[in-house]
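Residue numbers (my numbering): 434 to 1041.
To start, the structure itself, in structure tokens.
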Amino acid sequence: MTGNPPIEAATRSTVDTEGASAVLRVAESDFEQGRFAAAAARGDSLDAAWRDTEPLRALADRALSVAGRALEAQRLPGAAADRYGRLLARAPADPLRAATLERLVRVLSDTGREPEAVAAILAAPGGTETVGAENLRRLTAALTVRELRPLTENFPPETAAAAIVHTQLVRLLIVEQEGDEARRLAARILDGQPAEPERVTAELIAGAETDLGSGSARIGAILPLTGDLAEVGQVLREGIELAVERYRVEGQADFEVELIFVDDASDPENTAGLVRALEGRDVIAIVGPFRSESFAAASRARRNSRLPIISPTATDVLRPASATYTLYDADTRVSDVAEELARWTLEELRLRRVAVLEPNGVGLGGAVNAFTRTIRENGGLLVGHERYDPGLTTFQGPIEAVAASEPDIVFAPAASASGVLGVAPQLFYYGLYNVIVLGSEAWADPAALRRLERFATDHRVIGLATDRISPGTPWRRFVADYERRYRKTLRDNIMPALAHDATLLVLSALDGAQLPIPAALAAYLESGPEVEGVTGRLRPEAGRSVVRRSTEIRMLVDGSLVEADREALLTWLAEVRAAPSPFAPRDSVRVDTLRADTRRRVRTMSIP
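What follows is the structure in structure tokens.
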């Protein structure tokens, strides 16, 4: 039997797939060669021409992908997201589907469109496997209750991916004291197939029988109570005990708080077993451990990733993790202070000529980088930047070089009281007597101020998180309470205060969450509350696993810290510049006396 072939077959025979592939390669070549505008236009044009022709559908998908990538390369994220979204709606085959979903999620999250990114993951078949459950948890953690509700309505909690979104809503409902709704939603999550982190949280909340704001709460503490660090461990324990004693008297909720101390014997190898032992005793949070490596090990050892761990003393965050924080991250602490000092200089003093005098090798590079970056970004002029070796006894060359640049402001951070004692007198002696010196927190260390004289300290401006000098501060009240409770002198030891504040964050989260379960405390801490602590105003930052402090700007007058006063500082600056130089040649006897006196002070004030 003869006759014409079916219409569908005839249509296929007229399609030049090889020619279309060659045209598509031109668009792809445009992209690879950096001709992004041409690539985007050609990709859009080819997609429009081919997308309704079945044999060319796969090539149309590739063309639309080229357009999206080219628009993204041109920094047009909205247009790029539009192309990626349209492409995913056509359900392309892998690996194009997976690559497109990853690009769409990245573009949306980078432009503050996390709700859309989460929706895209949930809507795409295998979306969580493509993007990763941890990335979905990270994106979901940034959402508010208002943003989460539409997602939970559109995606019921039957799947492990949707359960992540529903569990985050449960956590925030606890924070907002919507305990009954949180329990109902937790029960629905358990009816589905949640992954272990969500299942643990849902089980805890669904099974919580206590009323909001009441019940028992156990707090664990991992400390070095024996071994090389036993002395430090003991003062940390005392700070923790003081926080809980005060809470029992002043706490607003009706929780019965129990402390459980465990000893790591000053050995990080013991950390993992101790964390699991505390989890077995149903602690709601852990204070400690002491060292950075122990802090990281504790985070890894948790079975429940929502169990808060707050170290008072870990100086580095080796890897940020959920519900973990340190109060003493060195880089964050010094960089925050330096950045605020720079901003204050430009906004309040309105002086633009700035120089830096930096000690080498003492861990202040992050602070200096933060300071200089903020100065440049806000219209300041960096006229000089000198470094000196703090191991030497005199720093004449670098100081005189800074003075020669004629700054109005000199940032001279120091890492310790001994560093301040070494550099402060020399600033005056070698020519920086007529500038406003900005100092780091070490400049307010009582151990330095007790030994420095007014010529070396007056009208220095200091950025600090903890005012340990002025009367009536939380620090002074803590010292009085500590010395009365333990009948020994605290002096300048900040360790027990850090332990107190780590515990205070746990107790504040307990009061705020109103439910004594780890997930509820973790959610409260992730909301970024501000807590007035002994060591400053504390604000946990979940994404970096650190606790930030607000910076206070003070100046030194007569050896005391007072509120930094713009008019007083500018008046002082004008007066010292109008007065004759203290080292004027016409007064050679006075010059010799001052220099001899300053040399003596430098020798006696410097601490090895």
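Backbone N, C-alpha and C define an ideal beta-carbon position, used for all residues, glycine too.
Just so we're clear, the structure is a prediction, and the values are computed from it rather than from any experiment.
According to the DSSP assignment, residue 890 belongs to the alpha helix (DSSP H) that extends over 887-890. Cβ atoms of residue 699 and residue 662 come within 8 angstroms of each other, at about 4 angstroms.
Around residue 591, the same chain offers 625 as residues with beta carbons nearer than 6 angstroms, after the five sequence neighbours per side are excluded. At a cut-off of 4 residues, the continuous stretches assigned as alpha helix (DSSP H) that sit fully inside the region 947-1000 are 951-959.
Pairwise C-beta distances place the region 838-857 in contact with the region 786-796, as three or more of them are shorter than 8 angstroms.
In the structure shown, residue 464 adopts helical secondary structure according to DSSP, grouped into three states. Separation of residue 802 and residue 956 (C-alpha to C-alpha, rounded to the nearest whole angstrom) is 33 angstroms. Assigned with DSSP and collapsed to three states, residue 630 falls in helix. Relative to residue 471, the option among 501, 482, 707 whose CA is nearest is 501. C-alpha of residue 827 to C-alpha of residue 769: approximately 29 angstroms in a straight line. Ranking 738, 710, 767 by CA distance to the CA of residue 754 puts 738 first. Residue 711 is positioned such that its CB atom lies closer than 8 angstroms to that of residue 653. Residue 788 is bridged by DSSP to 817, 843.
Straight through space, the alpha carbons of residue 911 and residue 560 are spaced by roughly 52 angstroms. Under the DSSP definition of a beta bridge, residue 718 partners with 652. The bridge partners DSSP lists for residue 742 are 719, 757. Per the Cβ contact rule, the region 667-681 is not in contact with the region 613-621 (fewer than 3 Cβ pairs under 8 angstroms).
In the DSSP assignment, residue 691 falls within the unbroken beta strand (DSSP E) covering 687-696.
Rounded to the nearest whole angstrom, the C-alpha separation of residue 484 and residue 537 is 20 angstroms. Within its own chain, the residues whose Cβ lies closer than 6 angstroms to the Cβ of residue 731, once the five positions on either side in sequence are excluded, are 704, 708, 722, 742, listed in chain order.
Setting aside the 5 residues that flank it on each side, residue 510 is surrounded in the same chain by 540, 544, each with a C-beta closer than 6 angstroms to its C-beta; the list follows chain order. A distance of 8 angstroms or more separates the beta carbons of residue 905 and residue 874.
Judged by DSSP secondary structure, residue 672 falls within the alpha helix (DSSP H) whose first and last residues are 663-683. Buried is the label assigned to residue 495, since at least 16 other Cβ atoms lie within 10 Å of its Cβ.
One thing to note: residue 931 has its Cβ within 8 angstroms of the Cβ of residue 746. In the DSSP assignment, residue 872 falls outside any alpha helix (DSSP H) and lies within the beta strand (DSSP E) extending over 869-872. Distance from the CA of residue 583 to the CA of residue 546, rounded to the nearest whole angstrom, comes to 14 angstroms. Per DSSP, residue 1009 has no beta-bridge partner at all.
Contact annotation: residue 534 and residue 521 have beta-carbon atoms nearer than 8 angstroms. Spatial neighbours of residue 834 in its own chain (CB-CB distance under 7 angstroms, excluding positions within 5 residues in sequence) are listed in chain order as 817, 819. Residue 895 sits in a strand when the DSSP states are folded into three classes. Only residues of its own chain outside the window of five on either side were considered, and among them 448 have a CB closer than 7 angstroms to the CB of residue 486, listed in chain order. The Cβ atoms of residue 1002 and residue 774 do not sit closer than 8 angstroms to each other. Rounded to the nearest whole angstrom, the C-alpha separation of residue 811 and residue 779 is 7 angstroms. The C-beta of residue 814 has fewer than 16 other C-beta atoms within 10 Å across all chains shown, which makes the residue exposed. Rounded to the nearest whole angstrom, the C-alpha separation of residue 860 and residue 832 is 7 angstroms.
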